[in-house]
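Protein chains in written order, with the numbering used here: chain Y, 893 to 1250; chain G, 59 to 291. The C-beta atom is built at its ideal place from N, Cα and C for all residues, glycine as well.
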Amino acid sequence: MIELDFRLPLAPFTLNVSARLEGTAVAVLGPSGSGKTSLLEVIAGLRRGAVGRVALDGEVFLDSESGKVLDPEERRIGYVPQDSLLFPHLDAAGNVRFGLKRGAGEKTFAEAVSILEITSLLSRYPATLSGGERQRVALARAVATEPRLLLLDEPLAAVDVELKERILPYLLRVRDEKKIPFLYVTHNAGEAGVLAREALLLQEGRVRAIGRVDEVLRPAVLSSADPDASFENVFAGVLEPIEPSDSTAYLRISDEVRLLVPRPIGVAAGDRAVFGVLPDDVLVSTKGLERSSVSARNVSAGEIIGLEPVGADTLARILAGGVEWRAKLTAAAVADLDLSTGKPVWIVVKTHAFRRLR
Amino acid sequence: MSAEDFSILLLTLRVAAVSTLLILPLGIGAAWLLSRWKGRGKVSVETFLSLPLVLPPTAVGLVLLEMLRRSGPVGRLLDRAGVEILFTWKAVVLATAVMSFPLLVRPARAALEEVDPRLIAIGRSLGRGGLDVFARVTLPLAWRGILAGTLLAFSRAFGEFGATILVAGNIPGRTQTLALAIFHRTQIGRDASAFRLVALTVVVAFAAVWTTEILQRRRSRYAGRDVTARPAT
């Protein structure tokens, strides 16, 4: 349980957050400069000047009334900032070991290194790592200390982190294998949907929406607050042992749904993988399509569950095979196909529209 | 170099070293406080700490002399404790320490200011206490500037004259450093032997300042690289 009720004066506005979160998996969204990073820094105790109350699982971090402020080293919070902030004078191993007591922590070190797949990076210095590699080392450094809560500032916004290097797949592993609760700042509604249970939407320092992730991530709400929000379709699943061909693979995301995706290199059947498809690459048809009559390999019948304006376009939310898809459509397409909520449609996605996240 | 020259060099090196070691913890502490302090009065304090750089050394020496004489505020306490400082090698150490203090503090402060405070914050959030983070993050990232300041302070201590002569006199074998000996020999017309000492001071000072320059030019081997730069893979 994360209890937040504080005010922090920032340059253009005052960050004013009053929220109670179950706190096992929280996505924090909002436009750039809405106070997301400051929120994380207040929780971690790295930002002074906040007035109010902050508590985690009943332990008070900040209570202005009684004058209590817990030092950051006593909070056991793992913070991964946007720019990683690795110690430049230590190699990756030195960074990961930084928070471990001498002699202890070999097990958590080895675990963190294995989950984040950084064994080959351990002897390298931060200046020689790519943005995505740095993020993984920073996440390992935080995870190795076995924190009570992880705070992750959106790594994708760091300019040099390539799309394929996204931290999301690793965060899924940390979530599932280490079961450490986290707050994750992102602009990507698709990522948030896969990863989080709750979401918090900030706008100009205030909580614009809070609650279950699918409620807060409604495109209409999110895109009006954050014009940069991305509604990527993100799927985490397991690669199936069946080999349709040398260049493709099935990604099973639920009992009913499997997607034909490009075969990732160096991945075996049974491995977990995460793929993304942009809403721009999802086609919508009002007529039933046969896989024998269309080249795209992913065809699925579904139903429109929402049409929400995003800028000049419309984002259609489609439930197909128990999975929600988002397709970006022009206003003309919506009118010509006479689309409305409840209407049965077919979604069509080419195999090569799927990009593996990593 | 005569035996006398050698013993003068040894005495000078010794007092300069003791003086530098003495101001090192104080100087790093002061530099650290100044690098973190953003409140009012910071400029005034910095100016005051830099005064020995610009005041006539004799003025500083006279103030020290007044404080340390038996009737002075500090001298009285020292006298009661049975400690004698004036006109001993300890007075040389004290005078050179005061005069060289700002030369340590200024570069050390600049180096400490360059350490990203967010790195320190991250260190603490990883569970390390403030002193621990200072030793494991701040110092390793700022050591060049601190070493540069230390060498500069040592050079200053090595050549100090004005303040030293007022509080320590010019007593051969006890308080006579190279700078004082050069003055003394010139006074009594031993110019040639004075020049031998001049050559000695040039060698030591050159080595110290040269090292400082190299250290400051190279800066930190991390600072030159943009932390967010793409790697050259």
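Collapsed DSSP secondary structure at Lys1220 of chain Y in the structure displayed
Looking up residue 1220 of chain Y in the first sequence gives position 328. DSSP places Lys1220 of chain Y in strand when its eight states are reduced to three.
Beta-carbon within less than 7 angstroms of Ala1165 of chain Y's beta-carbon, same chain only, minus the 5 sequence neighbours each way: which residues are those?
The count along the first sequence starts at 1 and reaches residue 1165 of chain Y at position 273. For Ala1165 of chain Y, where only same-chain residues beyond five positions count, the Cβ hits under 7 angstroms are Gly1129, Leu1131, Leu1143, Pro1156, Val1159 and Arg1248.
Could you tell me whether the Cβ atoms of Thr269 of chain G and Leu224 of chain G are closer together than 7 angstroms?
Mapped onto the second sequence, residue 269 of chain G falls at position 211. Mapped onto the second sequence, residue 224 of chain G falls at position 166. No; because the gap between Cβ atoms is not below 7 angstroms, this pair is not in contact.
Beta carbon of Ala911 of chain Y, beta carbon of Ala1091 of chain Y: below 7 angstroms?
Taking the first sequence and counting its residues from 1, one reaches residue 911 of chain Y at position 19. Taking the first sequence and counting its residues from 1, one reaches residue 1091 of chain Y at position 199. Going by C-beta atoms, Ala911 of chain Y is not nearer than 7 angstroms to Ala1091 of chain Y.
Beta carbons nearer than 9 angstroms to chain Y: which residues of the stretch 195 to 206 of chain G have them?
Val195, Pro198 and Leu199
Who pairs with Leu1093 of chain Y in a beta bridge, going by DSSP?
For this step, residue 1093 of chain Y is matched to residue 201 along the first sequence. In DSSP, Leu1093 of chain Y forms a bridge with Y:Leu921 and Y:Ala1101.
From Leu189 of chain G to Val988 of chain Y, what distance separates their C-alpha atoms?
What you label residue 189 of chain G is simply residue 131 of the second sequence in a count that begins at 1. What you label residue 988 of chain Y is simply residue 96 of the first sequence in a count that begins at 1. The straight-line gap from Cα to Cα measures roughly 20 angstroms.
Tell whether a beta-carbon distance below 7 angstroms holds between Asp1045 of chain Y and Leu931 of chain Y.
Position 153 of the first sequence, counted from the start, is the residue given in the question as residue 1045 of chain Y. Position 39 of the first sequence, counted from the start, is the residue given in the question as residue 931 of chain Y. Taking 7 angstroms as the Cβ cut-off, Asp1045 of chain Y and Leu931 of chain Y do not qualify as a contacting pair.
Under 9 angstroms Cβ-Cβ, which residues of chain G neighbour Gly937 of chain Y?
Sequence index remark: in the first sequence, residue 937 of chain Y carries index 45 (1-based). The contacting residues are Ala179, Arg182 and Ser183.
Beta-carbon proximity of Ile894 of chain Y to Leu948 of chain Y, cut-off 7 angstroms:
Here residue 894 of chain Y refers to the residue found at position 2 of the first sequence. Here residue 948 of chain Y refers to the residue found at position 56 of the first sequence. Contact flag set, yes.
Verify whether the separation of the beta carbon atoms of Val151 of chain G and Gly85 of chain G is less than 7 angstroms.
Walking along the second sequence from the start, residue 151 of chain G turns up at place 93. Walking along the second sequence from the start, residue 85 of chain G turns up at place 27. No, they are not a contact pair.
Would you mind listing the alpha helix (DSSP H) stretches within the stretch 135 to 217 of chain G that are 4+ residues and don't spill past its ends, in chain order?
147 to 171, 175 to 183, 188 to 191 and 197 to 217
Rounded to whole angstroms, what's the CA-CA distance from Thr259 of chain G to Leu236 of chain G? Just pull it up for me.
As a position in the second sequence, residue 259 of chain G is number 201, starting the count at 1. As a position in the second sequence, residue 236 of chain G is number 178, starting the count at 1. Computed Cα separation, rounded: 7 angstroms.
Residue closest to Ala936 of chain Y, alpha-carbon to alpha-carbon, out of G:Glu124, G:Trp90, G:Thr105 and G:Arg182:
As a first step, residue 936 of chain Y is located in the first sequence; it is residue number 44 there, counting from the start. Of the candidates G:Glu124, G:Trp90, G:Thr105 and G:Arg182, the one whose C-alpha sits nearest the C-alpha of Ala936 of chain Y is G:Arg182.
Ile240 of chain G: first and last residue of the uninterrupted alpha helix (DSSP H) it sits in:
Position 182 of the second sequence, counted from the first residue, corresponds to residue 240 of chain G. Taken as a continuous stretch (DSSP letters only), the alpha helix (DSSP H) holding Ile240 of chain G covers Leu236 to Gln245.
Could you work out which residues of chain Y lie near Gly97 of chain G, taking near to mean beta carbons separated by less than 7 angstroms?
The count along the second sequence starts at 1 and reaches residue 97 of chain G at position 39. Under the 7 angstroms cutoff, chain Y gives no residues; its nearest Cβ is about 14 angstroms from Gly97 of chain G.
Just checking: is the beta-carbon of Leu977 of chain Y within a distance shorter than 7 angstroms of some beta-carbon in chain G?
Counted from its first residue, the first sequence places residue 977 of chain Y at position 85. It does: the Cβ of Leu977 of chain Y has a partner Cβ on chain G nearer than 7 angstroms.
Rounded straight-line distance, which links the Cα of Glu171 of chain G to that of Glu1124 of chain Y:
Within the first sequence, residue 1124 of chain Y is the residue found at index 232, counting from 1. Within the second sequence, residue 171 of chain G is the residue found at index 113, counting from 1. If you take the alpha carbons of Glu1124 of chain Y and Glu171 of chain G, they lie about 42 angstroms apart.
Within 7 angstroms (strictly less), CB to CB, does Pro289 of chain G reach chain Y?
Walking along the second sequence from the start, residue 289 of chain G turns up at place 231. For Pro289 of chain G, the predicted structure reports a pLDDT of 38, less than 50, and the residue's modelled location is therefore unreliable. A value from the coordinates is still provided. Answer yes: the Cβ-Cβ gap between Pro289 of chain G and chain Y drops below 7 angstroms somewhere.
With DSSP as the reference, label Glu1003 of chain Y as helix, strand or coil.
On the first sequence, residue 1003 of chain Y is found 111 positions in, with the first residue counted as 1. Helix at Glu1003 of chain Y.
For the putative contact between Val1077 of chain Y and Lys1235 of chain Y, defined by C-beta atoms under 8 angstroms, what is the C-beta separation to the nearest angstrom?
Taking the first sequence and counting its residues from 1, the one referred to as residue 1077 of chain Y is at position 185. Taking the first sequence and counting its residues from 1, the one referred to as residue 1235 of chain Y is at position 343. Not really, about 36 angstroms apart at Cβ, beyond 8 angstroms.
Residues of chain G with a CB under 9 angstroms from the CB of Glu965 of chain Y: which are they?
The residue labelled residue 965 of chain Y in the question sits at position 73 within the first sequence. Within 9 angstroms Cβ-Cβ: Gly181, Arg182, Ser183, Leu184, Gly185, Arg186, Gly187, Gly188, Asp190 and Val191.
Which chain Y residues are close to Arg176 of chain G, counting only those with a beta carbon under 8 angstroms from its beta carbon?
Position 118 of the second sequence holds residue 176 of chain G. By Cβ distance, chain Y contributes Leu938, Pro973 and Leu977.
Would you kindly work out how many angstroms separate the C-alpha atoms of Ala903 of chain Y and Pro165 of chain G, rounded to a whole number?
Counting from one through the first sequence, the residue named residue 903 of chain Y turns up at place 11. Counting from one through the second sequence, the residue named residue 165 of chain G turns up at place 107. Approximately 32 angstroms, taken between the alpha carbons.
For Glu218 of chain G, the nearest candidate out of G:Ser158, G:Thr78, G:Ala75 and G:Pro131 (CA to CA):
Residue 218 of chain G sits at position 160 when you count from the first residue of the second sequence. When each option's Cα is compared against that of Glu218 of chain G, the closest is G:Ser158.
If Val1086 of chain Y sits next to Val1035 of chain Y, beta carbons under 8 angstroms apart, how far is it from one beta carbon to the other, in whole angstroms?
For the purposes of this step, residue 1086 of chain Y is taken as the residue at position 194 of the first sequence. For the purposes of this step, residue 1035 of chain Y is taken as the residue at position 143 of the first sequence. At roughly 19 angstroms, the Cβ-Cβ gap does not stay under 8 angstroms, so Val1086 of chain Y and Val1035 of chain Y are not in contact.
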